[in-house]
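Numbering (the working numbering), first residue to last: 190 to 437.
Positions of the beta carbon are idealized from the N, C-alpha and C atoms, including for glycine.
Keep in mind that this is a model prediction, so the values were computed, not measured.
Quick look at the structure:
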């Protein structure tokens, strides 16, 4: 769920699904339904507060959980990770020198400066990506396509290959569900095209309807829905209230 979360959702550690009216933890998928009161210990909590208590009890804190993510997610070096953990504890520069591998207070201050610089750069990068998304102009190497024939041409998909891939991933029949989603690009395209056939190209769908149809093929509907958009198989309006299959 982390891959598909907004910056605010990552800061909070949970996401609110407006259709299901529920709060979902980004780290373990624990959910709390809005309108239900949850007993935790001897206290009763409404859904959102229950989620905050859950994160604290099960994960320590959002910071502690995010800082433990793999480098491919955080982009942090081991030293930067160590510095952030020590800064989070509210230690003075002198105390950090005593507890870390850094040799001097000036080195600690340099780390602070570098991390602040990284924060400023991240803000600009997020703004650039947001404007890129709004312009709807794909990046040069992005695998976004507007026609199925273009995808087939680029990846050289044959009918025999398509049939073999579908039999591999849809072991319970082509109208059933699959256990895992392929990671290789060509197989991913084949599976997405097949799932897309479950949609009516002349109909517009709500996000919940899209999710429900995808669930008949795979549990991770968020990832599949995102791939539909990224690869140009589906489009949606600005507020995400309507989705439709791209046919031209």
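Same chain only: Cβ atoms within 6 Å of residue i, ignoring 5 sequence neighbours per side
{"i": "residue 432", "result": "394, 399, 423, 425"}
{"i": "residue 244", "result": "202"}
{"i": "residue 262", "result": "none"}
{"i": "residue 240", "result": "203, 212, 221"}
{"i": "residue 300", "result": "272"}
{"i": "residue 413", "result": "403, 407"}
{"i": "residue 339", "result": "Legend: pLDDT at residue 339 = 43, less than 50; position of this residue unreliable, no value from coordinates given."}
{"i": "residue 341", "result": "Low per-residue confidence applies at residue 341: pLDDT is 48, beneath 50, and the placement is therefore not dependable enough to give any value."}
{"i": "residue 390", "result": "434, 436"}
First through last residue of the alpha helix (DSSP H) which encompasses residue i
{"i": "residue 220", "result": "It is not in any alpha helix (DSSP H) - residue 220 instead sits in the beta strand (DSSP E) that spans 220-222."}
{"i": "residue 229", "result": "Counting along the chain, residue 229 falls outside any alpha helix (DSSP H), though it belongs to the beta strand (DSSP E) covering 227-229."}
{"i": "residue 282", "result": "282-288"}
{"i": "residue 252", "result": "251-256"}
{"i": "residue 278", "result": "Looking at the DSSP string, residue 278 is not in any alpha helix (DSSP H), and its letter there is neither H nor E."}
{"i": "residue 377", "result": "374-385"}
{"i": "residue 404", "result": "396-404"}
{"i": "residue 360", "result": "Counting along the chain, residue 360 falls outside any alpha helix (DSSP H), and DSSP gives it neither H nor E."}
{"i": "residue 201", "result": "196-201"}
{"i": "residue 417", "result": "410-419"}
Collapsed DSSP secondary structure at residue i in the structure displayed
{"i": "residue 424", "result": "strand"}
{"i": "residue 206", "result": "strand"}
{"i": "residue 330", "result": "With a pLDDT of 41 at residue 330, under the threshold of 50, the predicted position of this residue should be treated as unreliable, though the coordinate-derived value follows. Three-state DSSP puts residue 330 in coil, outside helix and strand."}
{"i": "residue 306", "result": "helix"}
{"i": "residue 191", "result": "helix"}
{"i": "residue 317", "result": "helix"}
{"i": "residue 370", "result": "coil"}
{"i": "residue 393", "result": "coil"}
{"i": "residue 407", "result": "coil"}
Sequence-distant residues of the same chain with beta carbon closer than 8 Å to residue i, five excluded per side
{"i": "residue 211", "result": "205, 220, 221, 222, 223, 236"}
{"i": "residue 208", "result": "395, 396, 397, 400"}
{"i": "residue 258", "result": "191"}
{"i": "residue 363", "result": "355, 383"}
{"i": "residue 297", "result": "272, 282, 285, 286, 289, 291"}
{"i": "residue 196", "result": "315"}
Opening and closing residue of the beta strand (DSSP E) in which residue i lies
{"i": "residue 233", "result": "232-234"}
{"i": "residue 212", "result": "211-214"}
{"i": "residue 432", "result": "432-434"}
Contacting residues, own chain, Cβ-Cβ under 7 Å from residue i (five flanking each side not counted)
{"i": "residue 216", "result": "202, 248, 254"}
{"i": "residue 402", "result": "387, 388"}
{"i": "residue 242", "result": "229, 234"}
{"i": "residue 429", "result": "396"}
{"i": "residue 194", "result": "204, 215"}
{"i": "residue 284", "result": "none"}
{"i": "residue 409", "result": "370"}
Residue from the options whose Cα sits closest to the Cα of residue i
{"i": "residue 411", "options": "435, 434, 392, 370", "result": "370"}
{"i": "residue 385", "options": "251, 232, 415, 199", "result": "415"}
{"i": "residue 348", "options": "214, 225, 407, 380", "result": "380"}
{"i": "residue 365", "options": "392, 421, 405", "result": "405"}
{"i": "residue 198", "options": "251, 289, 378, 418", "result": "251"}
{"i": "residue 306", "options": "269, 292, 294, 287", "result": "269"}
{"i": "residue 378", "options": "417, 357, 359", "result": "417"}
{"i": "residue 308", "options": "260, 264, 373, 427", "result": "264"}
{"i": "residue 200", "options": "256, 246, 360, 367", "result": "256"}
{"i": "residue 419", "options": "361, 368, 321", "result": "321"}
{"i": "residue 304", "options": "367, 357, 276", "result": "276"}
is_contact[residue i, chain E] using C-beta, thresh 8 Å
{"i": "residue 402", "result": "Going by chain labels, chain E is absent from the structure shown, which holds only one protein chain."}
Subject >> Segment contact flag, the segment 278-290 with the segment 312-319, C-beta cutoff 8 Å, min 3 pairs >> reply: no
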